[in-house]
Amino acid sequence: MLDRATEWWGVIVPSFTQWVENFRMSEKTYVYLCNKLRPAMERQDTAFRECISLKKRVAIALWKLAIGSEYRSIGHLFGVSNTTVCRCVQDFCAAAETLLVPELIRSPDREKFAEMAAYTENRWGLPQCVGAIDGSHIPILAPQEYHCDYFNRKGWHSILLQGVVDGKGHFWKVFAGMPGSLHDARVLRLSSLWELASRGNYFPPCTRNIGGVNAGYYILGDNAYPLQNWLIKTFPDNGRLTAEHVIYNKTICRARLSKDMHNISFCLTLKNKNTQRPGRLSDAYQGHSMIRPPAGTSPVCSDRVKEKE
27 MLDRATEWWG VIVPSFTQWV ENFRMSEKTY VYLCNKLRPA MERQDTAFRE
77 CISLKKRVAI ALWKLAIGSE YRSIGHLFGV SNTTVCRCVQ DFCAAAETLL
127 VPELIRSPDR EKFAEMAAYT ENRWGLPQCV GAIDGSHIPI LAPQEYHCDY
177 FNRKGWHSIL LQGVVDGKGH FWKVFAGMPG SLHDARVLRL SSLWELASRG
227 NYFPPCTRNI GGVNAGYYIL GDNAYPLQNW LIKTFPDNGR LTAEHVIYNK
277 TICRARLSKD MHNISFCLTL KNKNTQRPGR LSDAYQGHSM IRPPAGTSPV
327 CSDRVKEKE
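Start counting the sequence shown at 27; every next residue gets the next number (the working numbering).
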């Protein structure tokens, strides 16, 4: 007779109807991921043992990332060892970085910038706006080295994710791995987005006359970011705002792009059991080379962090 764990995967899951509640995605998206990650995650049977199926390996990784349970609990549920759970998670993250990130998170070309600007203007009434930037703290256990660097202003250890999303909430620029003690503006200045945009080499030279000013493409940010000709933010409310300033601020806030960024970051930080059980920094680096800093150095003291564009 099948044990409980194997029975759950073999009998209950095939008739599962609560995919979003448990895996944080629909069954259709799950099947899509399996097909996309097949070249990197599928294993073959050997003369000594049967391999774990591709669908099961992906499901194990998704369960860990979605629920944040301990390896032991997931192993009991799926009928595998703790080591197998760990390998599935690491293999999934590596496969996603190799096969999905280049396809789904990439710098827009001229045509894509024009498309994003048109969508944002039609929906939010902001001409030439191509997205919004924001940061999010990812909880981690304090590393043995440079642990003070990762202690953020909220009172816990974290690494920082900086993301840029378009009007639909789709990421098109990601920079991650900086220690939680850094200010959002400092993280921006360490990213290639700042380097390229500051030199005028990132956004296409497409300007439009807005109120007598030739405005190029720009992104929205909160008041933590420095004002640039390609990064717009609201006027700080110091009690002396003019009527024009108030209207401007309301227009920016009405776009709600920053709120979209917060919602997506909320999903990425897995604010469920993962918040109570933050991951070890070494485990995160092992599973995600896109946030791995140089060995033996504090990322605060070095900007040689590996960035995925």
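Ideal Cβ positions, reconstructed from N, Cα and C, are used throughout, including at glycine.
Whole-number beta carbon distance between residue j and residue i, since they are thought to touch under 8 Å
i: W182; j: P205; result: No, W182 and P205 are not in contact; Cβ-Cβ is about 12 Å, not under 8 Å.
i: F139; j: F201; result: About 19 Å; that fails the 8 Å criterion.
i: Y251; j: A211; result: 6 Å
i: R64; j: C77; result: At roughly 13 Å, the Cβ-Cβ gap does not stay under 8 Å, so R64 and C77 are not in contact.
Exposed unless 16 or more other CB atoms sit within 10 angstroms - verdict on residue i
i: A92; result: buried
i: V239; result: exposed
i: T146; result: buried
i: Q154; result: buried
i: C114; result: buried
i: P134; result: buried
i: C119; result: buried
i: R83; result: buried
i: G313; result: The predicted position of G313 is uncertain, since its pLDDT is 41 and thus under 50; a value taken from the coordinates is nonetheless stated next. G313 should be labelled buried.
i: V37; result: exposed
i: I258; result: buried
i: A121; result: buried
i: P40; result: exposed
i: K54; result: exposed
i: Y58; result: exposed
i: S217; result: buried
i: R30; result: Note that R30 scores a pLDDT of 46, beneath 50, so its modelled location is shaky; the value from the coordinates is reported in the next line. The residue is exposed, with fewer than 16 neighbouring Cβ atoms inside 10 Å.
i: F74; result: exposed
i: L187; result: buried
i: L214; result: buried
i: G265; result: exposed
i: G203; result: buried
i: G94; result: buried
Nearest residue (CA-CA) to residue i, options the options
i: L103; options: F118, R113, A85, A120; result: A85
i: N249; options: H209, L222, G242; result: H209
i: A66; options: D117, N227, L219, I258; result: D117
i: E33; options: G105, K180, N275, F261; result: G105
i: K199; options: T55, P128, H173, Y97; result: P128
i: R132; options: A87, L219, I100, N148; result: L219
i: W256; options: D71, L267, P231; result: P231
i: G126; options: F197, T110, V156; result: Per the sequence presented here, residue 126 reads as Leu, with Gly not at that position. Comparing Cα positions, the closest option is F197.
i: L130; options: R136, A143, G195, N178; result: G195
i: G237; options: A143, L152, K62, T110; result: L152
Proximal residues to residue i (C-beta, below 8 Å), its chain only, five neighbours per side dropped
i: T124; result: A66
i: V46; result: S52
i: Y176; result: I166, A168, P169, H183, S184, I185, P205, G206, S207, L307
i: N235; result: A241
i: F49; result: Y56, A85, L88, W89, A92
i: N275; result: T260, F261, D263, L267
7 Å CB neighbourhood of residue i in its chain, flanking five on each side removed
i: T233; result: N240, A241, G242
i: C60; result: L80, K81, V84
i: N108; result: Y97, R98, G101
i: C112; result: Y97
Same chain, Cβ closer than 6 Å to residue i, neighbours up to 5 away in sequence not counted
i: W35; result: F104
i: G247; result: I159, L257, K259
i: A310; result: Residue placement at A310 is flagged as unreliable, the pLDDT there being 46, under the threshold of 50; the coordinate-derived value follows with that caveat. So no residue of the chain qualifies.
Within-8 Å CB hit, residue i to chain B
i: D210; result: This model lacks chain B altogether; it includes just one protein chain.
Original post:
If you pair each beta-carbon of the region 145-164 with each one of the region 188-208, do three or more pairs fall below 8 Å?
Top reply: yes
**OP:** May I ask you to verify whether the region 265-274 touches the region 165-180, counting CB pairs closer than 8 Å and requiring at least 3?
**Re:** no
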